[in-house]
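Below is one structure, written out as structure tokens; the observations come after it.
Numbering (this note's numbering), first residue to last: 374 to 1024.
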């Protein structure tokens, strides 16, 4: 049904100006001006193209010089083409034209706002949908049709459906002809997909990289029931389409962005990636990721995930989840319980302004805490010259008195090689908190675990506390095969700390950091410190530091600085002044995966050494608290004498 709408409620942006001219409606280039008549539409239509920019010019008083134009009438138009379009077939040319009866030519066509054609097809302004379909499935999309009636543009919006069939090719016995057989989409059972989460290697749906840099891997984590073939496509910047077909099995499957389809990084600005599944039952939320290309400047903010963590009491969880999903248009990624705090945390993904949304969500009823999902990195680099901490701390004498027996140390880090000969009898718990990354032994976590508690077994090295029990809690993933650096997010860190508290660890080593405090982690640190747990973390490896990274910045954590092979501050005096204690940081011989050893440098190694020393002290004094820890200025003999009242240096 055709209705007349006021100019002020048009889908296009409208600007008004006062001019001493005759009434006119100025349209986009190529669209004739309309004099003295209202604009009519069949419905309030929204479009992305062509958009029809309009300017309505109104006469000032007394200056209308032209006589009133008689109203023209136009023949109404009607869409003749059925709304169910002829089906197409994957990899076969497709062409269909929307037919119109009546109206004033030329009649133009455009997709309505948010409409998406099957991958491989395009709509031109003359109403022809053509191309070669890439992905099978059933599609629905809206098309806006409008004419050039002098009395006012007539427009109509219609929803069309189009089925794209799969195709199987076969060669006839004579070898010179290929035939295609359509496979109806309905013949393949639709999968029941319950959720989709896109993330880069930083575990978030957004990332910032420098111009012309190589982007990290992008994958889609699909939650589903049952098993079968998953079909769909990736779309980059609303244009570039990459189809996929993957055999999957529930409850969790991973679909990687095609390795051969490199994401472009030459154009600075924000780029959008969307993930579509074409054969799933039910309505799925829009799944998207984004990456920002910097125009040559360095990245300064590593809080780049598009995720918000919201913590509530379990009984209020469902109510809060529904409210936030509707009010803030956020998408639920996952939820988990923090058993030690008796709280529940929801992880939402957002396309909005994270800072504004976090501040607003914090004020919502029943919300205990809301914050961004922050990225944490480990501190350490491989080196080659040799230095032995065993000599610094006189292991041969120290271990005749204390070995850490009966003390539990949690290592929150990258994956620990629990099969390493020096660790195989030390690790009692091994859990992976990085849901998006399968567990594997990694360099940093294995090195830290070995420095703390490698066994005295005549095989390799000897840990500072060689008889401790180690909880290997993987909260970071190694960023490359050759570099030990790790990255993790708030979700993984919170889960790991919760396990450490529930398993009653006495010492928790956290050889990682992030620029800003994290309130949810702080709540766990407060809970643990009140129970007598000692938390240890490095201050960082940056030259000229003016502030400590979190969690070392927390008053609940013993901040550890480094010293080089000569005993001088590492990396410089600024860092050492921010630390409570210090320990060797340079060229520490440590365990690495596959039963091997190497030299590593960084305050992560310093933190591990201090964690091992505290395990020895806790063996001597199970009630050891943070207030009992005296500062260490580099004199190991004096510190051990003060901390534990043991003398390992004097003859």
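C-beta atoms are modelled at their ideal positions from N, C-alpha and C, and glycine is treated no differently.
Predicted, not measured: the structure shown is a model, and the values here were computed from it.
Please classify residue 933 as buried or exposed, where buried requires at least 16 other C-beta atoms within 10 Å of its C-beta. Taking the chain shown and counting its residues from 1, the one referred to as residue 933 is at position 560. The residue in question, residue 933, is buried, as its Cβ has 16 or more Cβ neighbours within 10 Å.
Have a look at residue 747 and residue 718 and give me their C-alpha separation to the nearest angstrom. As a first step, residue 747 is located in the chain shown; it is residue number 374 there, counting from the start. As a first step, residue 718 is located in the chain shown; it is residue number 345 there, counting from the start. Answer to the nearest angstrom: the Cα atoms are 15 Å apart.
Within 7 Å: the Cβ of residue 722 and any heavy atom of the ligand SAH? The model on display carries no ligand, and the ligand SAH is accordingly not part of it.
Whose C-alpha, out of 631, 895 and 569, is nearest the C-alpha of residue 908? Here residue 908 is taken as the residue at index 535 of the chain shown, counted from 1. Closest by alpha carbon: 895.
Taking just the CA atoms, how far does residue 889 sit from residue 1004? If you number the chain shown from 1, residue 1004 lands on position 631. If you number the chain shown from 1, residue 889 lands on position 516. Spanning the two alpha carbons is a distance of roughly 25 Å.
Exposed unless 16 or more other CB atoms sit within 10 angstroms - verdict on residue 810: Mapped onto the chain shown, residue 810 falls at position 437. With 16 or more other Cβ atoms within 10 Å, it is buried.
Please name the residue in 928, 812 and 597 whose C-alpha comes closest to that of residue 622. Reading the chain shown from its first residue, position 249 is the one you call residue 622. Considering only 928, 812 and 597, the residue with the shortest C-alpha distance to residue 622 is 597.
When we look at the beta-carbon of residue 793 and count the other beta-carbons within 10 Å, is it buried (16 or more) or exposed? Sequence index remark: in the chain shown, residue 793 carries index 420 (1-based). That one is buried.
Flag this pair as touching only if the region 977-990 and the region 827-837 have three or more C-beta atom pairs under 8 Å; answer yes or no. Touching, yes.
Between residue 573 and residue 749, is the Cβ-Cβ spacing less than 8 Å? Against the chain shown, residue 573 aligns to sequence position 200. Against the chain shown, residue 749 aligns to sequence position 376. Contact: no.
Among the candidates 906, 973 and 966, whose CA atom is the shortest distance from the CA of residue 998? Counting from one through the chain shown, the residue named residue 998 turns up at place 625. For residue 998, the nearest C-alpha among the options comes from 906.
What residue range is occupied by the uninterrupted beta strand (DSSP E) comprising residue 954? Stepping through the chain shown from its first residue, residue 954 is reached at position 581. 954-957 is the span of the beta strand (DSSP E), which, as asked, contains residue 954.
Would you kindly report the start and end of the unbroken alpha helix (DSSP H) that includes residue 980? Indexing the chain shown from 1 puts residue 980 at position 607. Residue 980 -> alpha helix (DSSP H) spans 976-993.
Alpha carbon of residue 645 to alpha carbon of residue 652, nearest angstrom: Here the question's residue 645 lines up with position 272 in the chain shown. Here the question's residue 652 lines up with position 279 in the chain shown. Computed Cα separation, rounded: 23 Å.
Around the Cβ of residue 955, are there at least 16 other Cβ atoms within 10 angstroms (buried) or fewer (exposed)? Here residue 955 refers to the residue found at position 582 when the chain shown is read from its first residue. Answer is buried; the Cβ neighbour count reaches 16.
Just how far apart, CA to CA, sit residue 686 and residue 715? Taking the first residue of the chain shown as position 1, residue 686 is located at position 313. Taking the first residue of the chain shown as position 1, residue 715 is located at position 342. Near 7 Å, if we compare the C-alpha coordinates of residue 715 and residue 686.
Could you tell me which residues DSSP puts in a beta bridge with residue 538? For the purposes of this step, residue 538 is identified with residue 165 of the chain shown, where counting begins at 1. Per DSSP, 462.
Please classify residue 651: does DSSP put it in a helix, a strand, or coil? Position 278 of the chain shown, counted from the start, is the residue given in the question as residue 651. Reduced to three states, the DSSP call for residue 651 is coil.
Starting from the Cα of residue 815, find the closest Cα among 938, 969 and 468 and give me that residue. For this step, residue 815 is matched to residue 442 along the chain shown. 969 is the residue among 938, 969 and 468 whose C-alpha sits nearest the C-alpha of residue 815.
Three-state secondary structure (DSSP) at residue 854? For the purposes of this step, residue 854 is taken as residue 481 along the chain shown, with counting starting at 1. In this structure, residue 854 counts as coil in the three-state DSSP scheme.
Per-residue burial, residue 642 [other beta carbons within 10 Å of its own, 16 or more giving buried]: Taking the chain shown and counting its residues from 1, one reaches residue 642 at position 269. Its Cβ having fewer than 16 others within 10 Å, residue 642 is exposed.
DSSP puts residue 1088 in a beta bridge; with which residues? Since the first residue shown for the chain is 374 and the last is 1024, residue 1088 is missing from the structure and cannot be characterised.
Member of 919, 925 and 874 whose CA lies at the smallest distance from the CA of residue 887: Looking up residue 887 in the chain shown gives position 514. Measuring C-alpha to C-alpha distances from residue 887 to each of 919, 925 and 874 identifies 925 as the nearest.
Taking 8 Å as the cut-off, decide whether the C-beta atoms of residue 467 and residue 496 are in contact. On the chain shown, residue 467 is found 94 positions in, with the first residue counted as 1. On the chain shown, residue 496 is found 123 positions in, with the first residue counted as 1. No, they are not a contact pair.
Taking the straight line between their C-alpha atoms, what separation do you get for residue 798 and residue 828? Here the question's residue 798 lines up with position 425 in the chain shown. Here the question's residue 828 lines up with position 455 in the chain shown. For the pair residue 798 and residue 828, the Cα-to-Cα distance works out to about 8 Å.
Check whether the Cβ atoms of residue 788 and residue 841 sit closer than 8 Å, and answer yes or no. Translated into the one-based positions of the chain shown, residue 788 becomes position 415. Translated into the one-based positions of the chain shown, residue 841 becomes position 468. Not a contact, by the Cβ cut-off of 8 Å.
Ends of the alpha helix (DSSP H) at residue 730? Here residue 730 is taken as the residue at index 357 of the chain shown, counted from 1. Segment 727-735, the alpha helix (DSSP H) holding residue 730.
Can you find the residues in the same chain that come closer than 8 Å, C-beta to C-beta, to residue 569, ignoring five residues on each side of it along the sequence? Your numbering for residue 569 matches position 196 in the chain shown. Excluding sequence neighbours, residue 569 sits near 593, 594, 595, 596, 648, 650, 657, 658 and 660.
Identify every residue that forms a DSSP beta bridge with residue 720. For the purposes of this step, residue 720 is identified with residue 347 of the chain shown, where counting begins at 1. 682 and 707.
Among residues of its own chain, excluding the 5 on either side of residue 512, which ones have a beta-carbon nearer than 6 Å to its beta-carbon? Counting from 1 along the chain shown, the entry for residue 512 is found at position 139. Result list for residue 512: 491 and 535, in chain order.
Residue from 730, 526 and 979 with nearest C-alpha to residue 822: Locating residue 822 in the chain shown gives position 449, counting from the first residue. Looking at 730, 526 and 979, the one whose alpha-carbon comes closest to that of residue 822 is 979.
Just to confirm, is the Cβ distance from residue 947 to residue 918 under 8 Å? As a position in the chain shown, residue 947 is number 574, starting the count at 1. As a position in the chain shown, residue 918 is number 545, starting the count at 1. Note that the C-beta distance between residue 947 and residue 918 is below 8 Å.
For residue 693, which residues from the same chain have a beta carbon less than 6 Å from its beta carbon, with the 5 sequence-adjacent residues on both sides left out? Indexing the chain shown from 1 puts residue 693 at position 320. Result list for residue 693: 685 and 739, in chain order.
Whose C-beta lies closer than 7 Å to the C-beta of residue 712 among residues of the same chain, with five residues either side of it excluded? Locating residue 712 in the chain shown gives position 339, where the first residue counts as 1. Within the same chain, Cβ atoms closer than 7 Å to the Cβ of residue 712 are found at 871 and 875, the five residues on either side in sequence being excluded.
Go through its chain and collect everything with a Cβ distance to residue 619's Cβ below 6 Å, but skip five positions before and after it. Indexing the chain shown from 1 puts residue 619 at position 246. Counting only residues of its own chain and dropping the five nearest sequence neighbours on each side, residue 619 has a CB closer than 6 Å to the CB of 603 and 628.
Is it right to say residue 771 is buried, meaning 16 or more other beta carbons lie within 10 angstroms of its own, or is it exposed? Here the question's residue 771 lines up with position 398 in the chain shown. It is buried - the Cβ of residue 771 has at least 16 other Cβ atoms within 10 Å.
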